[in-house]
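**Q** Here the sequence shown is numbered in the UniProt record's numbering, starting from 1 and rising by one per residue.
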Amino acid sequence: MKTDGYRSNDHDVDDGGMRRAVAPDVVREPRRRAADVVGNLVEDGRDGSSTTMTLMGEKGYSPDTDSVALEGTHLLGGGDIQSLYSFHDRRRAEGSSCLNDSESEISIVLRTDEYGYETSWVMYDSSMDVVARGPPAGTNYDDSRTYSGSWCVSSPGSYRIVVSDSYGDGICAGGVSDLYGCGFFKVYLDGRAAGLIVNDATTWRKKTFEVDAVAPWESDRSKLAGGWCDEVAGAMAVPSGTCILPNGRRGHRVRVTTKVDQYGEETSWAIERDGVVMMRMGAIVPSNSVRAVEDCLPAGNYDFTIWDFDGICCKHGDGRYELVVDGEELLNGGTFMTAETHSFKLGHDWISGMSDRDCEWWWSHHIRRQDWHTRCYAEYCNKDYRHLRWSSTLAADALDYAVRLLDTCDETGMRHDHTDAGENLAKNKGSEEFGEMYPADLIVGRFVDNEEFWGWNDNAHLTQAIWYASRYLGCADSERDMGDGKTCRMQVCRYAKAGNCMMGAYSSDVGNNWRTPMMADDSPCGPMCPRDGCHL
1 MKTDGYRSND
11 HDVDDGGMRR
21 AVAPDVVREP
31 RRRAADVVGN
41 LVEDGRDGSS
51 TTMTLMGEKG
61 YSPDTDSVAL
71 EGTHLLGGGD
81 IQSLYSFHDR
91 RRAEGSSCLN
101 DSESEISIVL
111 RTDEYGYETS
121 WVMYDSSMDV
131 VARGPPAGTN
141 YDDSRTYSGS
151 WCVSSPGSYR
161 IVVSDSYGDG
171 ICAGGVSDLY
181 GCGFFKVYLD
191 GRAAGLIVND
201 ATTWRKKTFE
211 VDAVAPWESD
221 RSKLAGGWCD
231 EVAGAMAVPS
241 GTCILPNGRR
251 GHRVRVTTKV
261 DQYGEETSWA
271 IERDGVVMMR
281 MGAIVPSNSV
291 RAVEDCLPAG
301 NYDFTIWDFD
311 GICCKHGDGR
321 YELVVDGEEL
331 LNGGTFMTAE
341 THSFKLGHDW
351 ISGMSDRDCE
361 WWWSHHIRRQ
371 DWHTRCYAEY
381 CNKDYRHLRW
391 SSTLAADALD
401 YAVRLLDTCD
411 ETGMRHDHTD
421 AGENLAKNKG
431 SEEFGEMYPA
441 DLIVGRFVDN
451 EEFWGWNDNA
461 HLTQAIWYAS
471 RYLGCADSER
481 DMGDGKTCRM
491 QVCRYAKAGN
501 CMMGAYSSDV
511 GNNWRTPMMA
521 DDSPCGPMCP
531 RDGCHL
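1) Going by other Cβ atoms of all chains shown within 10 Å of its Cβ, with 16 needed for buried, is V153 buried or exposed?
2) Give the range of the alpha helix (DSSP H) segment to which I466 is assigned.
3) Buried or exposed: C314, going by 16 or more other Cβ atoms within 10 Å of its Cβ?
4) Taking only three categories from DSSP, how would you classify F304?
5) Counting only the same chain and skipping the five closest in sequence on each side, list residues whose C-beta sits under 7 Å from that of R375.
6) Would you mind sorting P517 into buried or exposed? The rule is 16 or more other CB atoms within 10 Å of its CB.
7) Identify which residue in G334, G353 and A299 has its Cα closest to the Cα of W269.
8) When the Cα atoms are used, what is the spatial distance from D113 to D142?
9) Indicate whether the contact test is met: 3 or more Cβ pairs, each with one atom in the region 287-306 and one in the region 517-531, closer than 8 Å.
10) With DSSP as the reference, label F184 as helix, strand or coil.
11) Tell me whether Q262 is buried or exposed, calling it buried when 16 or more other Cβ atoms sit within 10 Å of its Cβ.
12) Any idea what DSSP makes of residue 539, helix, strand or coil?
13) Would you mind sorting F209 into buried or exposed? The rule is 16 or more other CB atoms within 10 Å of its CB.
14) Residue ranges of each beta strand (DSSP E) run of no fewer than 3 residues wholly in the UniProt domain "SCP" (367-503), ordered along the chain?
15) For C381, which option in E105, A520, D212 and A193 has the closest C-alpha, if you only look at C-alpha atoms?
16) Which one of A299, C172 and N428 has the shortest CA to CA distance from T242?
17) For a test of the three-state rule: what should DSSP assign to S364, helix, strand or coil?
18) Take residue 537 and list the residues in its own chain whose beta-carbon comes closer than 7 Å to its own, dropping the five residues that flank it on each side.
19) Flag this pair as yes or no: are the beta carbons of I351 and A201 separated by less than 9 Å?
20) Excluding the 5 residues flanking E329 on each side, which residues of the same chain have their C-beta closer than 7 Å to its C-beta?
21) For C409, which residues of its own chain have a beta-carbon under 7 Å away from its beta-carbon, when the five flanking residues on both sides are left out?
22) Just to confirm, is the Cβ distance from T267 to V290 under 9 Å?
23) Could you give the DSSP three-state label for M281: helix, strand or coil?
24) When you compare each of S364, T258, G511 and I108 to R446 by their alpha carbons, which one comes out closest?
25) Which residue marks the beginning of the beta strand (DSSP E) containing G234, and which one marks its end?
26) Return the first residue and the last residue of the beta strand (DSSP E) that T341 is part of.
27) List the endpoints of the continuous beta strand (DSSP E) containing R531.
28) Going along the chain, which residues of its own chain have a beta-carbon closer than 7 Å to the beta-carbon of W372, five neighbours each way excluded?
29) Please report the straight-line C-alpha distance between L462 and W514, rounded to a whole angstrom.
30) Evaluate D165 with the Cβ neighbour count: other Cβ atoms within 10 Å of its Cβ, from every protein chain shown; 16 or more gives buried, anything less gives exposed.
Dropping the structure here:
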């Protein structure tokens, strides 16, 4: 556990919760050797295995073996790992750059394809004067390498970033990324996404981002005044159903597929609503076979129970059950003893009851999960985005623990709760702005953005927030007046399923293999559903 302090103002995060295509007819230039492309490569002292690039006299910091810094920067990874706030706000507190309230921070993260020398970019201000550009004069970017950097710019102000591919096929190889690689280009304003080129298989020579900077704290506070739930409602919708009931109303198509083990006659299941059986499968399925049952059910609360003497996996075969609603998987399993029950809801409105702070928490996770899930790496590619659903019971559990954590305000570090849900924790304590309620985007940015180039398990906040098998989220804040003008605040986020599951085999010494379990379709750690039940 590490702690970052500034005078009497403390900012902590927890330790991450350890439980917790045919090629086109083109001719490409021969690939250049790295020595022809980049400048000095120097050893980084963090673990002795990483390298960083010295460009324009300032050393970038990156624990990742394939990451380097863009010219003229010292960002994305440096500093104490317990720093909670965004890069901009960290500089305000530590006396570094971006000190002015009239400054914003523009950050760029770039990954090249297999032809890095084709990629370049320029950032202009409103007068079309060059603010920054890359790569440095006389050099090219290396192949399949990640670069990152940030700049303090005047705010308010308008900026234009133009990224170019000299060959004209973009940075994801025009759809043949298996041959030429797949890069990305991401722009952030004060930690928020301001423009993304991710998994873009189109061909292009130039792309432009327009970035309008406003005073950062004014922007944060205007959002705190409302509007986050409008963002959520615009992105999500209450499930309306895909079938018609006998009464003419819309219902929800429920399909249960069961693959039994060699003792299929032991297996049965039922779906009940208020004690009434709505769907069932009797213990009549032949061994090692598959049976599917489907029906149209009205909106409401249900219980699914499956019975088998010793489960259907994995003692006597590889059995499994799957409950799909309106084409989307809601429940699955197979390993249990005697019986297993899950509650679920059809047509559940999880949006309208959210507070604006709830929506802010959800949105801050949403934009980052969408980015990470749709990336293309050696460990995963072409995955569909999985959004989280807000859970009022996870949020209630998070609030309960956030309140209990207030008794530890004067302690160094943070302690995890005894819960089977996934968990990320943070706190801030101090006077004036250090005791204010931070925007959720800054906190989730600390969980995810700050750890992008850290290996497992230094990036355990990131892996939990992005964990593909997690489907439900609930976050909460608590506060306590400490006297003398100081306030202590705790932030807790809970996730189901829990992330960081069975990660003992993964290490930062073995590249980025942690991406494989993080993006797996399913995960054996629970809980599958929050206390109030699973829902779409």
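Yeah, the Cβ is synthetic: ideal placement off N, Cα and C, and Gly gets one too. Bear in mind that the values here come from a model prediction, so they are computed numbers and not experimental data.
**A** In short:
1) buried
2) Start and end: A460 to I466.
3) exposed
4) In the three-state DSSP reduction, F304 falls in the strand class (E or B).
5) F184, V198 and N199
6) buried
7) Closest by alpha carbon: G334.
8) 9 Å
9) Between the region 287-306 and the region 517-531 there are fewer than three C-beta pairs closer than 8 Å, too few to call the two in contact.
10) strand
11) exposed
12) Look at the range of the chain in this structure, 1 to 536, and you will see that residue 539 is not part of it.
13) buried
14) 422-431, 472-483 and 486-496
15) A520
16) A299
17) helix
18) No answer is possible for residue 537: it lies beyond the span of the chain, which begins at 1 and ends at 536.
19) no
20) In chain order, E322 place their CB closer than 7 Å to the CB of E329, counting only its own chain and leaving out the 5 sequence neighbours on each side.
21) K429, R480, M482 and C488
22) no
23) strand
24) S364
25) Per DSSP, G234 lies in no beta strand (DSSP E); the unbroken alpha helix (DSSP H) holding it starts and ends at W228 to A235.
26) T338 to L346
27) From DSSP, R531 is part of no beta strand (DSSP E); its letter is neither H nor E.
28) I466
29) 11 Å
30) D165 is buried by the Cβ-count criterion.
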